[in-house]
Amino acid sequence: MLRKSTLGLLCITVSVVAGCGQAVANNTITIARNGTAEAVIVVAADASEPERHAADELAGFLRQITGASFKIVPGPAEGSSRLLVGPGAAKLAQPDFSTDALGADGIVVRNVGGDLILAGGHPRGTLYAVYTFLEDNLGCRWWSSKVSTIPRTPTVIVENLDTRYVPVLEYREPYWFDAFDADWAVRNKCNGQRPALDAKRGGKHIYEGFVHTFNRLIPPDKYFKDHPEWFSEIKGKRTSNRAQLCLTNEQMYQELLKNLKAQLRNNPAATIASVSQNDWHGNCQCSKCAAIEKAEGSPAGLMLRFVNAVAEDIEDEFPNVAISTLAYQYTRKPPRITKPRHNVIVRLCSIECSFSKPLSDERNKEFRDDIVGWSKICDRLYIWDYTTNFRHHIMPHPNLRVLGPNVKFFVDHGVKGIFEQGAYTTNGAEMAELRAWVLARLLWNPSRDGRELIDEFIAGYYGPAGPHVKKYLETTHDAV
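Numbered as in my numbering, the sequence shown ends at 1902 without a single skipped number.
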């Protein structure tokens, strides 16, 4: 389903001159006039797969907007106005163009004379540059996997664009069912594990084991009978029932390391491997483990010593793989002594927090103290956040007002990646599409105002019903 913006709205709200009769300046590019293409799309002959897909996406959406067909050529296409897609093409207008410091996702949208550069870092930046241009300058929106706003206007002229942006968050995943659609995810600049983001869509962060991997790395049904000492001692007895691993046992460590390396060899695309506690308590209480936890002031200290060792021992063979672990439940409090290695990611989980109030609220003081502590010792701090009512997805869950403040709170404390867990098994959750879209916008640019984004979605997605939806949300949120 496509919703259309009016031409008058387009002229007012975006930096596009659409058939308004203005003279064309030197730093201006006429993309289409009266339904006829006046620019060509240029990609380098050796362009990457994501860059070629970005050019295809640009041509497709420009056709929907203007009605014109746009040629995609391998350059240099001299004598024509050019939409230069990708770093290689960008050098035709700016020979010193560089993607240095853009990372994997950074973008450049820039007029250079009669050309427009749409380029970015490898592998996703060029795609994100194209989508940013379509959003910010032409008014496109991809609200959900089925509902979009694609404006219609036969003439498009853009001028004086100069945007360079590198997202502060390297990992961005709104974990909502509709957000798993690959086209929606890439167009909304999400790069997490779950969506089917293939090579042409720039790929994604790929985990070897996503979370709660102790039992996967040391399966109790395989090892407990012969090696009960590898598992938690609880109340003087070794057990694998809702338990963890004995993290001071050297034999267990070597077996886990062997198993993890084998898994990584079978998953060469992985850039992150999870070595993380099972989804319950039950940490080992043996004398060796207990002594380290006491010295560290938190079970997280023993966990980090173990994970740091794994990270060090895989580094030579897998230099591009980081080890991910959790600061969750009994490991949430940061340790006194041990710090994560440079190739360790700590995912701090906010599960005990109140989500009717922002994390800066006094009722969330314990979590606030923990994130301050972790941010002092961890270079790659990620967040596992919670944004739905897990017992009753369809019931009102008045947390929308805290989404923006909470993402900003995370970033202000040095967070580099955010996983926003939502209703991931069904689309039948309260305001699921709204939450996924707003979170995607916030993760890309945490400085955005969350309430403004909510209002934008309501108006664009619900149309004439928008005021009634907004009233419903105000009523439920005012009640808490």
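Virtual Cβ for every residue (Gly too), placed ideally from N, Cα, C. What you are looking at is a predicted structure, and each value in this text was computed from that prediction instead of being measured.
Is the Cβ-Cβ distance between residue i and residue j less than 7 Å?
{"i": "Pro1496", "j": "Gly1624", "result": "no"}
{"i": "Ala1466", "j": "Ile1453", "result": "no"}
{"i": "Ala1499", "j": "Val1531", "result": "no"}
{"i": "Leu1875", "j": "Phe1831", "result": "no"}
{"i": "Gly1528", "j": "Gly1501", "result": "no"}
{"i": "Ala1858", "j": "Pro1596", "result": "yes"}
{"i": "Leu1770", "j": "Ala1749", "result": "yes"}
{"i": "His1819", "j": "Asn1811", "result": "yes"}
{"i": "Gly1543", "j": "Thr1521", "result": "yes"}
{"i": "Ser1654", "j": "Cys1612", "result": "no"}
{"i": "Leu1678", "j": "Ile1640", "result": "yes"}
{"i": "Ile1487", "j": "Ile1463", "result": "no"}
{"i": "Ala1512", "j": "Phe1519", "result": "yes"}
{"i": "Asn1610", "j": "Ala1862", "result": "yes"}
{"i": "Val1940", "j": "Val1768", "result": "The requested residue 1940 does not occur in the structure, where the chain is confined to residues 1423 to 1902."}
{"i": "Thr1747", "j": "Val1729", "result": "yes"}
{"i": "His1373", "j": "Ala1851", "result": "Residue 1373 falls outside the range modelled here, since the chain spans only 1423 to 1902, and no answer is possible."}
{"i": "Ile1759", "j": "Gly1795", "result": "no"}
{"i": "Leu1825", "j": "Val1860", "result": "yes"}
{"i": "Leu1686", "j": "Glu1734", "result": "no"}
{"i": "Ser1720", "j": "Pro1757", "result": "yes"}
{"i": "Asn1456", "j": "Asn1533", "result": "no"}
{"i": "Pro1762", "j": "Leu1726", "result": "yes"}
{"i": "Phe1483", "j": "Leu1583", "result": "no"}
{"i": "Ala1476", "j": "Leu1524", "result": "no"}
Quick one: using the 10 Å Cβ neighbour count with 16 as the cut-off for buried, is residue i buried or exposed?
{"i": "Asn1688", "result": "exposed"}
{"i": "Gly1443", "result": "For Gly1443, the pLDDT reaches just 34, beneath the cut-off of 50, and the residue's location in the model is therefore unreliable, leaving the point undetermined."}
{"i": "Thr1809", "result": "buried"}
{"i": "Phe1492", "result": "buried"}
{"i": "Asp1738", "result": "exposed"}
{"i": "Ser1772", "result": "buried"}
{"i": "Asp1537", "result": "buried"}
{"i": "Ala1447", "result": "Any reading at Ala1447 is ruled out, since the residue's pLDDT is 46, under 50, leaving its predicted position unreliable."}
{"i": "Ala1904", "result": "The requested residue 1904 does not occur in the structure, where the chain is confined to residues 1423 to 1902."}
{"i": "Asn1765", "result": "buried"}
{"i": "Asn1742", "result": "exposed"}
{"i": "Ala1901", "result": "exposed"}
{"i": "Pro1868", "result": "buried"}
{"i": "Arg1813", "result": "exposed"}
{"i": "Glu1896", "result": "exposed"}
{"i": "Lys1893", "result": "exposed"}
{"i": "Thr1848", "result": "exposed"}
{"i": "Glu1651", "result": "exposed"}
{"i": "Glu1672", "result": "exposed"}
{"i": "Gly1510", "result": "buried"}
{"i": "Pro1642", "result": "buried"}
Kindly identify the DSSP beta-bridge partner or partners of residue i.
{"i": "Asn1533", "result": "Leu1538"}
{"i": "Leu1667", "result": "Phe1653"}
{"i": "Val1462", "result": "Arg1504"}
{"i": "Ala1695", "result": "Glu1630, Ile1745"}
{"i": "Gln1843", "result": "Tyr1597, Tyr1808"}
{"i": "Ser1891", "result": "Position check: residue 1891 holds Val in this sequence, whereas Ser was assumed. BP columns for Val1891 are empty, so no partner."}
{"i": "Val1768", "result": "Thr1747, Leu1803"}
{"i": "Val1902", "result": "In DSSP, Val1902 forms no bridge with anything."}
{"i": "Arg1754", "result": "Looking at the DSSP assignment, Arg1754 forms no beta bridge with any residue, so it has no partner."}
{"i": "Lys1659", "result": "Ile1656"}
{"i": "Ala1454", "result": "Ala1459, Val1578"}
*Three or more C-beta pairs closer than 8 Å, one from the stretch 1560–1577 and one from the stretch 1616–1635: is that the case here?*
With the cut-off at 8 Å, the stretch 1560–1577 and the stretch 1616–1635 do not touch.
- Task: Tell me the start and end of each unbroken beta strand (DSSP E) in the stretch 1559–1643 that is at least 3 residues and wholly inside, in chain order.
- Result: Taken in chain order, the whole beta strand (DSSP E) runs of length 3 or more contained in the stretch 1559–1643 are 1578–1581, 1584–1587, 1593–1597.
Using 8 Å as the cut-off, can you tell me whether the stretch 1634–1647 makes contact with the stretch 1500–1518, which would need three or more C-beta pairs spanning the two stretches below that distance? Too few Cβ pairs lie closer than 8 Å, so no.
Check your understanding: At a cut of 8 Å, does the stretch 1661–1680 reach the stretch 1697–1704 through at least three beta carbon pairs?
Key -> Taking 8 Å as the limit for Cβ pairs, the verdict is that the stretch 1697–1704 does touch the stretch 1661–1680.
Any 3 or more C-beta pairs closer than 8 Å across the stretch 1601–1610 and the stretch 1867–1874
Too few Cβ pairs lie closer than 8 Å, so no.
Mind pulling the beta strand (DSSP E) runs of 3 or more residues that sit fully within the stretch 1679–1740?
Counting only runs of 3 or more, we get 1694–1696.
- Query: Would you call the stretch 1834–1848 and the stretch 1798–1807 touching, i.e. three or more CB-CB distances under 8 Å?
  - Reply: These segments touch.
| Fully enclosed by the stretch 1813–1884, which alpha helix (DSSP H) runs are 4 residues long or longer? | Scanning the stretch 1813–1884 from its first residue to its last, the whole alpha helix (DSSP H) runs of 4-plus residues come out as 1822–1834, 1854–1866, 1872–1884.
>> Assess contact between the stretch 1573–1588 and the stretch 1881–1900, defined as three or more Cβ pairs (one per stretch) separated by less than 8 Å. Is contact present?
In response: Cβ pair count under 8 Å is below three, so no.
Contact between the stretch 1779–1795 and the stretch 1710–1717 is defined here as three or more beta-carbon pairs at a separation below 8 Å; is this criterion met? Short answer: they don't touch.
task = Mind listing, in chain order, the continuous beta strand (DSSP E) runs of no fewer than 3 residues lying wholly within the stretch 1472–1527?
result = Listed in chain order, they are 1503–1507.
Quiz item: Any contact of the stretch 1569–1583 with the stretch 1787–1796, i.e. 3+ C-beta pairs under 8 Å?
Solution: With the cut-off at 8 Å, the stretch 1569–1583 and the stretch 1787–1796 do not touch.
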